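Engineer: Numbering (the numbering used here) for the sequence shown: 1 to 116.
First the structure, which I've put down as structure tokens, then a few questions once you've had a look.
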Amino acid sequence: MLSHRFERGVLVLTVREDPGIGGRAELSSEIVAFLEAHRPSPVLVVIEEAAATPATASAVLRAHRRCGAWGVLMSAATASSAVRRLLEASADVGGARLAVHQSLDSAINATYGEAA
Numbered sequence: 001m002l003s004h005r006f007e008r009g010v011l012v013l014t015v016r017e018d019p020g021i022g023g024r025a026e027l028s029s030e031i032v033a034f035l036e037a038h039r040p041s042p043v044l045v046v047i048e049e050a051a052a053t054p055a056t057a058s059a060v061l062r063a064h065r066r067c068g069a070w071g072v073l074m075s076a077a078t079a080s081s082a083v084r085r086l087l088e089a090s091a092d093v094g095g096a097r098l099a100v101h102q103s104l105d106s107a108i109n110a111t112y113g114e115a116a
């Protein structure tokens, strides 16, 4: 469901499939485990088309709340305009901002640039 790699100093987590309502907490926990292991590296969560659902957005938003508490820069990228709108509308504004991008390239460039 979740894969990871480093690109230009950014931890890139890719969500490949929909966790469903019952899998949101597990996906969020997996994301948080990577965040904890690799902080303070900035994180980009890429949501592939098959995973572009409200359940995935919910898991990413839960993880984002933890990022804000730790001061870790987190971004998300998805081609789904509906999921981008959901992420932007529901992101926790109390901590670090959740930057939401349409493409992987622009997301990595922006995340790398903000972290530098």
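In this text, a Cβ means the ideal position worked out from N, Cα and C, and glycines have one as well.
Because the structure is a prediction, the values reported are computed rather than measured.
#1: Just tell me which of 39, 8, 105, 53 has its CA closest to the CA of residue 24.
#2: Taking its Cβ as the centre, do 16 or more other Cβ atoms sit within 10 Å of residue 63, making it buried, or is it exposed?
#3: So is residue 75 buried or exposed if we call it buried at 16+ other beta carbons inside 10 Å?
#4: Please report the straight-line C-alpha distance between residue 33 and residue 46, rounded to a whole angstrom.
#5: Taking just the CA atoms, how far does residue 7 sit from residue 83?
#6: Under the three-state reduction of DSSP, which class applies to residue 5: helix, strand or coil?
#7: Would you kindly check if the distance between the Cβ of residue 15 and the Cβ of residue 56 is under 8 Å?
#8: Give the straight-line distance between the Cα atoms of residue 30 and residue 109, rounded to the nearest whole angstrom.
#9: Identify, in the order they occur along the chain, each residue of the same chain with its Cβ nearer than 6 Å to the Cβ of residue 50, setting aside the five sequence neighbours on each side.
Structural biologist: This is what the structure holds:
#1: Within the sequence shown, residue 24 is the residue found at index 24, counting from 1. Closest by alpha carbon: 53.
#2: Within the sequence shown, the letter at position 63 stands for residue 63. Answer is buried; the Cβ neighbour count reaches 16.
#3: Along the sequence shown, read from residue 1 onward, the residue named residue 75 stands at position 75. Looking at its Cβ environment, which holds 16 or more other Cβ atoms inside 10 Å, residue 75 is buried.
#4: Here residue 33 refers to the residue found at position 33 of the sequence shown. Here residue 46 refers to the residue found at position 46 of the sequence shown. For residue 33 and residue 46, the distance between alpha carbons rounds to 16 Å.
#5: Position 83 of the sequence shown, counted from the first residue, corresponds to residue 83. Position 7 of the sequence shown, counted from the first residue, corresponds to residue 7. For residue 83 and residue 7, the distance between alpha carbons rounds to 24 Å.
#6: Working through the sequence shown from its first residue, we reach residue 5 at position 5. Three-state result, residue 5: strand.
#7: Start at 1 with the first residue of the sequence shown, and residue 56 comes out as number 56. Start at 1 with the first residue of the sequence shown, and residue 15 comes out as number 15. Yes, these two residues count as a Cβ contact at 8 Å.
#8: Stepping through the sequence shown from its first residue, residue 30 is reached at position 30. Stepping through the sequence shown from its first residue, residue 109 is reached at position 109. Their backbone Cα atoms lie some 24 Å apart in a straight line.
#9: Residue 50 sits at position 50 when you count from the first residue of the sequence shown. 17, listed in sequence order.
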